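Protein chains in written order, with the numbering used here: chain P, 1 to 572; chain G, 1001 to 1318.
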Amino acid sequence: MSWRPSLLILLMGAVVARGAEPSPRVLYGSGGDFKGFDPVDSGDVESADQVCRVYEGLLEYDYLTRPYRVIPRLAAALPEVSPDGLTYTFKLRQGVRFQDDPCFPGGRGREVTAEDFVYSFRRLLDPKLESQGDWIFINHVLGAKEWAQRGDHNAPLPGFAARDRYTLEIRLAKPYPQLLWVLTMPYAFVVPREAVEFYGANFRNHPVGTGPFRLKSWRRNYRIEYERNPTFNGQRYPSEGEPEDRAAGLLADAGKPLPLLDRLVDYDIQEYYTMWQMFLGGQLYSSGINKDYFEKVITPELGLSDALKKKGIRLYKVPNLVTNYIGFNMRDPVVGPNKKLRQAFATALDVDKYIAVITNGRYSPANTPIPPGIPGHTNRPYPYQYNLSRAKQLLAEAGYPGGRDAQGRPLRLTMIMPGAGSTDARQLADFWAEQLRAIGIELVVQQLTFAEYLRREHDGETQLFIAGWVIDYPDAENFLKLFYGPNKCPGVNATNYQNPEFDRLYEQIATMPDSPERTALYERMAQITLDDCVWALIGYPLAYGLYQPWFQNYKPHAFPYANWKFYKVLPH
Amino acid sequence: MSAYILRRLLSVIPITLGVLLITFLLFRVVGGNPAYRIAGKNATQERIAQIARERGYDKPYFLNWQAFPTGLFDAQFPRLCRQLLRGDFGESIKTKQRVSTMLREGVLPSLCVTTPLFFIELALAIALALLAAYYRDTWIDRGIMVVAVTGMSISSLVYIMVAQYWLASEWRLFPVWGFEGPQYLVLPVLIGVVAGTGGSVRFYRTVMLDEMYQDYVRTARAKGVSPRGVLFRHVLRNAMIPILTNVIVAIPFLYTGALLLENFFGIPGLGRLTVTALFTGDEDVIFATTFIGAILFVVANTITDIAYTWADPRIRLR
């Protein structure tokens, strides 16, 4: 879930309701990478979305309040944290049951206990399951790395312990202030051991959770139907939100038992044209806006067209909490040691033109690696704003006047990007190449398959790479770890950037709880990366979504996976 | 004849190997090591190495000279071939499902579209070709040819978009998308027939006209055989060989599905599965569909050759 190149960030989605039916029928169209209902495999958007319908974890995001905060879900309260920040003690809600399923004696779901969380967390770390989500624990929880390396299921793992039936203890190797955030992620959801053992390799096709819905039927590549989980207990629609939420009608259902929908049907619609026809026909609750349709749907002022307004369709522009950028490999002998060259490159990028021409205005220009809405983001101007003459001057100072080195050879740089064969990727490649040509740099863009792109980036076989980082939780640390020296290739620091001052500050913030001091350090660290021009920033994408008037209680959320229980559909 | 059939069936080995080799080169060699995708961005080097080791991605592509002689074929491509020969199609990288299950589930939806499409198109194409040939150089012939050429000149995508917009969205004569019952198949089949019949009509008409100018047709007419008798008993029978070639070779495609129609109309068949796998680089699915497709193609060709002997007793297979 953590990372996706910008080209792959698509808002797909669509839902429907037939108001005439006694219980609303909701259809949803999704993108298609769905891996089944196993929380350990919920790394992609589709799988996470489906897993969250059926499974739950200790904590979840508060749906309506901003800034984002976590609230207890299966935990009875937020955990008690030891003074040294190394031990988190969770008391579980009593009486929460897994849904009824043949895997349990008599088919009746049993109560969730602390042992279930210990089992589920250990399962996430099991290397045989090849989960992409083990990073949430492996370097932080006491003994987790050693346990995973040993691969012995029966070996003790000191970091997770059930103190009694309802008390779970998580012990850390070092303070990990992000623990509460990562516990909201589907990777950390609870599964019953009985179901895993009963269904074996087919467990991913037989979800047995505690969540608001349960799976009724599933036809692969086509349709998933859920119904209300009759044993889902206790949760009610929130009665607190932001001041504007009441006016927007988002508190009209305050206190009502969840979920508000009885049935939920997802359809896997892959062709945008088809989805668009169905959305216009009122069959789907929502639609993204394809690049080719943008001008028909959105006015030059970036509002909704009159035709759609007349239908009551609503437009939401949601920041994705993503930063898109071009990364420089600091190990590369050409760009790595030459800061002026990197600065010239960044200054030659006409980001405003890119946003207008390539993205239909669906980005906002970036000024720091940390996107808006996250503590640590500042409004300081970007130091490398487009300026052709300045870029040429920097290039000359870098030793390449007019784009030629001392021997008169042209400067040629190579950038990799995913999307082999994609027209959009080609368009993007041509655009950036043209930008750099204006100052004399020959930019060769290699479009690679996603696997090959990942390999090259992971192994540090790059000079420049185009990428985006999708935030995992609303904490700037999630971005700043991309610059931390020890995380260099094959770690997440794909630029191989190493700055002793930055590393020292990172080690300092890594264990600091949220505070104004930590936010100030975040700002300082971001400024260091800007000064060193590690990334040439491109922008922060905005997701444009259209919603039918009868689809209610929708509030944009950067981590929307568990939100289906709040939505409702009016008769129409 | 049995020696011929055996020989033809044995040709399945080099053909399938060749097709697999090209697919392997495209997706594994050019496409990169799948272990990186499986492990994800946050993975450690050890995790990637472990996945590569367990799935054999760390082996050489074709021959393992380091393990010569006993382990020479302990390499990625020979392993893939052995795996497919065992009937083990592996596990989808993208969906983590068994590929054999995905294929099994996709066959019926594909056949639901391709079978009626195949038979309707065949019957209609032969009927129109006969009509055009019989009334050659009249307005009926020209009219049929104009419609056929127009039909085949327009992209299927245009038919799909126009039909989804007008027939389904605006006039609501058909569902836009889905696989809930027979009514959901009408529009994709209709589009398939409209888009696919034109070419066959032209081809069959040419074949029939070739036959209609043969001496035996003149003789039959001279002997007083009715025009209809000439057409059905003589011309159609003798035109069978090219028709059979065209028809039987198309049979494997019933299995592989209608890629575009399935994708646009939400038919959860093998065509859609293949398209999705191609877009997402889901190589195990692609290897499996390629493997099965190649085998079916060789078998269909062999059946075509055998059918020749039935259609024309003068033909001997050696």
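Cβ atoms here follow ideal geometry from the backbone N, Cα and C, with glycine treated the same way.
Given the structure is predicted, the values throughout are model-derived calculations rather than measurements.
### Query
For G/Trp1166 and chain P, any beta-carbon pair shorter than 8 Å?
Translated into the one-based positions of the second sequence, residue 1166 of chain G becomes position 166. No, G/Trp1166 does not count as interfacial toward chain P.
### Query
From P/Pro127 to P/Gln149, what does the alpha carbon distance come to, in whole angstroms?
Here the question's residue 127 of chain P lines up with position 127 in the first sequence. Here the question's residue 149 of chain P lines up with position 149 in the first sequence. About 8 Å.
### Query
CB-CB under 6 Å to P/Lys145, same chain, minus the five flanking residues each way: which ones, in chain order?
Within the first sequence, numbered from 1, the residue matching residue 145 of chain P stands at position 145. Excluding residues within five positions, the ones whose Cβ falls inside 6 Å are Ile138.
### Message
Please report whether the beta-carbon of P/Ser330 lies at a distance below 8 Å from any beta-carbon of chain G.
### Response
As a first step, residue 330 of chain P is located in the first sequence; it is residue number 330 there, counting from the start. Residue identity check: residue 330 of chain P is Met in the sequence provided, not Ser. It does not; no Cβ of chain G falls within 8 Å.
### Query
Is the distance from the Cβ of P/Tyr61 to the Cβ of P/Gly209 below 8 Å?
Here residue 61 of chain P refers to the residue found at position 61 when the first sequence is read from its first residue. Here residue 209 of chain P refers to the residue found at position 209 when the first sequence is read from its first residue. No. Outside cutoff.
### Query
Nearest-angstrom Cα distance between G/Ala1052 and G/Asn1064?
Counting from 1 along the second sequence, the entry for residue 1052 of chain G is found at position 52. Counting from 1 along the second sequence, the entry for residue 1064 of chain G is found at position 64. Going by the C-alpha atoms only, they are around 16 Å apart.
### Task
Assuming P/Ala366 and P/Tyr382 form a contact by the criterion Cβ under 8 Å, report the distance between their Cβ atoms to the nearest whole angstrom.
Translated into positions along the first sequence, residue 366 of chain P becomes position 366. Translated into positions along the first sequence, residue 382 of chain P becomes position 382. About 7 Å; that satisfies the 8 Å criterion.
### Query
Would G/Val1176 count as contacting chain P if we go by Cβ distances under 8 Å?
Residue numbering aside, residue 1176 of chain G sits at position 176 when the second sequence is read from its first letter. Closer than 8 Å: yes.
### Task
Have a look at P/Pro549 and P/Ile313 and give me their C-alpha separation to the nearest angstrom.
As a position in the first sequence, residue 549 of chain P is number 549, starting the count at 1. As a position in the first sequence, residue 313 of chain P is number 313, starting the count at 1. Each residue's alpha carbon lies about 5 Å from the other.
### Nearest-angstrom Cα separation, counted from G/Glu1121 out to G/Leu1190
Residue mapping note: residue 1190 of chain G aligns to position 190 of the second sequence, counting from 1. Residue mapping note: residue 1121 of chain G aligns to position 121 of the second sequence, counting from 1. If I take the Cα positions, the gap works out to 9 Å.
### Message
Using CA atoms only, rank isn't needed, just tell me which of G/Ile1286, G/Leu1244, G/Leu1006 is closest to G/Ala1311.
### Response
To locate residue 1311 of chain G, count along the second sequence from 1; it is residue 311. Nearest C-alpha to G/Ala1311: G/Leu1244.
### Beta-ladder partner(s) of P/Leu183, from DSSP
The residue given as residue 183 of chain P occupies position 183 in the first sequence. Per DSSP, none; premise fails for P/Leu183.
### Task
Pull up the distance between the alpha-carbon of P/Thr65 and that of P/Pro230, whole angstroms please.
Along the first sequence, one-based indexing puts residue 65 of chain P at 65. Along the first sequence, one-based indexing puts residue 230 of chain P at 230. Each residue's alpha carbon lies about 28 Å from the other.
### Query
In this structure, what does DSSP give as the bridge partners for P/Pro541?
Taking the first residue of the first sequence as 1, we reach residue 541 of chain P at position 541. BP columns for P/Pro541 point to P/Tyr363.
### Query
Whose CA, out of P/Glu169, P/Ile439, P/Tyr386, lies closest to the CA of P/Leu395?
Looking up residue 395 of chain P in the first sequence gives position 395. Nearest of P/Glu169, P/Ile439, P/Tyr386 to P/Leu395, Cα basis: P/Ile439.
### Span separating the alpha-carbon of G/Ala1300 from that of G/Ile1005
As a working note, residue 1300 of chain G is residue 300 in the second sequence. As a working note, residue 1005 of chain G is residue 5 in the second sequence. Their backbone Cα atoms lie some 12 Å apart in a straight line.
### Message
Strictly below 9 Å CB to CB, what residues from chain P border G/Pro1268?
### Response
Position 268 of the second sequence, counting from 1, holds the residue named residue 1268 of chain G. Simply Arg219, Arg220, Asn221, Tyr222, Arg223, Asp268.
### Task
If I'm right that P/Ser42 touches P/Gly133 with Cβ under 8 Å, what's the distance once you round it to whole angstroms?
Counting from one through the first sequence, the residue named residue 42 of chain P turns up at place 42. Counting from one through the first sequence, the residue named residue 133 of chain P turns up at place 133. Right, the Cβ-Cβ distance comes to about 7 Å (below 8 Å), so this counts as a contact.
### C-beta atoms of G/Ile1295 and G/Thr1016 nearer than 8 Å
Working through the second sequence from its first residue, we reach residue 1295 of chain G at position 295. Working through the second sequence from its first residue, we reach residue 1016 of chain G at position 16. Yes, Cβ-Cβ distance for G/Ile1295 and G/Thr1016 is below 8 Å.
### Query
So, do the region 225 to 240 of chain P and the region 1128 to 1139 of chain G have three or more beta carbon pairs nearer to each other than 8 Å?
no
### Task
Give the DSSP bridge partners of P/Lys488, in chain order.
Residue 488 of chain P sits at position 488 when you count from the first residue of the first sequence. According to DSSP, which records beta bridges pairwise, P/Lys488 is partnered with P/Asn493.
### Message
I'd like to know whether the C-beta of G/Phe1297 is nearer than 8 Å to at least one C-beta of chain P.
### Response
Walking along the second sequence from the start, residue 1297 of chain G turns up at place 297. It does not: the Cβ of G/Phe1297 has no partner Cβ on chain P nearer than 8 Å.
### Closer than 9 Å at the beta carbon, the chain G residues around P/Trp181
Taking the first sequence and counting its residues from 1, the one referred to as residue 181 of chain P is at position 181. Result: empty, since nearest Cβ-Cβ is about 15 Å, beyond 9 Å.
### Query
Nearest chain G C-beta to P/Arg263 closer than 8 Å, yes or no?
Here residue 263 of chain P refers to the residue found at position 263 of the first sequence. False, the Cβ-Cβ gap to chain G never drops below 8 Å.
### Query
What does a CB cutoff of less than 7 Å around P/Pro22 pick up in its chain, not counting 5 residues either side in sequence?
For this step, residue 22 of chain P is matched to residue 22 along the first sequence. Any reading at P/Pro22 needs caution, since the residue's pLDDT is 36, under 50, leaving its predicted position unreliable; the model's value is listed next. Nothing meets the Cβ criterion.
### Query
Apart from the five residues on each side of it in sequence, which residues of its chain come closer than 8 Å, Cβ to Cβ, to P/Lys296?
The residue labelled residue 296 of chain P in the question sits at position 296 within the first sequence. Ser305.
### Task
Measure the C-alpha to C-alpha separation of P/Tyr554 and P/Pro207 and round it to an integer number of angstroms.
Sequence index remark: in the first sequence, residue 554 of chain P carries index 554 (1-based). Sequence index remark: in the first sequence, residue 207 of chain P carries index 207 (1-based). The alpha-carbon atoms of P/Tyr554 and P/Pro207 are separated by roughly 26 Å.
#### Entry: Enclosing alpha helix (DSSP H) for P/Ala144 [first to last residue]
The count along the first sequence starts at 1 and reaches residue 144 of chain P at position 144. Unbroken alpha helix (DSSP H) run through P/Ala144: 144 to 150.
### Query
Residue range of the beta strand (DSSP E) that P/Gly468 falls in?
Taking the first sequence and counting its residues from 1, one reaches residue 468 of chain P at position 468. Residues 464 to 470.
### C-beta neighbour in chain P for G/Gly1199, strict 8 Å
Taking the second sequence and counting its residues from 1, the one referred to as residue 1199 of chain G is at position 199. No, because no Cβ of chain P sits closer than 8 Å to the Cβ of G/Gly1199.
### Message
What would DSSP say about P/Leu78, mapped onto helix, strand or coil?
### Response
Against the first sequence, residue 78 of chain P aligns to sequence position 78. If DSSP states are grouped into helix, strand and coil, P/Leu78 belongs with coil.
### Task
Run down chain P in chain order and give the residues with a C-beta less than 7 Å from the C-beta of G/Gln1083.
For the purposes of this step, residue 1083 of chain G is taken as residue 83 along the second sequence, with counting starting at 1. Simply none; closest approach about 17 Å.
### Query
According to DSSP, is P/Asp84 helix, strand or coil?
Reading the first sequence from its first residue, position 84 is the one you call residue 84 of chain P. Of the three classes helix, strand and coil, the one that applies to P/Asp84 here is coil, per DSSP.
### Message
For the region 1277 to 1288 of chain G against the region 1017 to 1027 of chain G, do three or more pairs of beta-carbon atoms, one drawn from each stretch, fall closer than 8 Å, so that the two count as touching?
### Response
yes
### Short-range partners of chain G found in the region 272 to 299 of chain P, where Cβ spacing is below 9 Å
Tyr273, Thr274, Met275, Gln277, Met278, Leu280, Gly281, Gln283
### Query
At least one CB of chain G closer than 8 Å to the CB of P/Arg584: is that the case?
Since the first and last residues shown for chain P are 1 and 572, residue 584 of chain P lies out of range.
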